[in-house]
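Following: one structure in structure tokens, then a few remarks.
Numbering (UniProt numbering), first residue to last: 1 to 231.
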């Protein structure tokens, strides 16, 4: 005989992770997610205070540890950055002080004298490098503008050696003075220096040249049409 068909048993609904999580678990997951987001964005994150030994508790403790380590690392980075900024400020201040000292030294070692009305004398003393040359020209031009000088006398008596670098400095100074309306007289060139100038092919035609300061002053006064009284 045929067996009667048995009615199908209803399939029990599949359980989900969501159904196994309690309300407390879901709240903790949201808190962990929020904490991780703040940690990633560099914001201050709350310390998760809980006493759980399950998977969520382990995860929360790991998040706490990572948060602490990142916070400590950022604190150290900020401290290091502050130290670097302070050091940079010190170096900047030291550089500014050095520049002021160099400017003062240049004023002392490169005096600019008003020896007559509209006549300026700059005796060149010691070695001249590119940095000093820049400052020297700046000082001279500033003085020419301030005093409205018409004639500038550059005295190279104390310059024992002249090369293309020094010559270029002198030429640039003369060109700049010419643009400001002042003629330039070069005096004090020794025979040795003259030979070097010729051998190097240096063109000093932009200058009026004289052998010594007295002749340079006489030339300046004649240029300005002052009467020179015999001594």
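A virtual CB, placed ideally from N, CA and C, is assigned to each residue, including glycine.
Under 8 Å, do residue i and residue j count as touching if we go by C-beta distance?
i, j, result
"residue 260", "residue 28", "An answer regarding residue 260 cannot be provided, because it is not within the stretch 1 to 231 covered by the chain."
"residue 149", "residue 173", "no"
"residue 125", "residue 158", "yes"
"residue 186", "residue 204", "yes"
"residue 40", "residue 60", "no"
"residue 73", "residue 35", "no"
"residue 120", "residue 145", "no"
"residue 219", "residue 189", "no"
"residue 112", "residue 140", "yes"
"residue 104", "residue 136", "no"
"residue 164", "residue 128", "no"
Select from the options the residue whose C-alpha is nearest the C-alpha of residue i.
i, options, result
"residue 169", "198, 119, 154", "154"
"residue 162", "147, 88, 132, 197", "197"
"residue 214", "30, 23, 115", "115"
"residue 225", "118, 99, 63", "118"
"residue 52", "65, 76, 25, 78", "25"
"residue 102", "131, 192, 176", "131"
"residue 179", "206, 202, 193", "206"
"residue 37", "21, 70, 195, 23", "70"
"residue 63", "92, 30, 89", "30"
"residue 221", "133, 85, 184", "184"
Can you tell me where the alpha helix (DSSP H) with residue i in it begins and where it stops?
i, result
"residue 217", "213-223"
"residue 123", "Unbroken run through residue 123 is the beta strand (DSSP E), 119-125; no alpha helix (DSSP H)."
"residue 192", "191-200"
Tell me residue i's beta-bridge partners as DSSP assigns them.
i, result
"residue 185", "153, 208"
"residue 113", "121"
At 3 residues or longer, what runs of the beta strand (DSSP E) sit wholly inside the region 130-168? 151-158
- Return the chain-ordered ranges of every beta strand (DSSP E) run that is complete within the region 19-94 and spans a minimum of 3 residues. none
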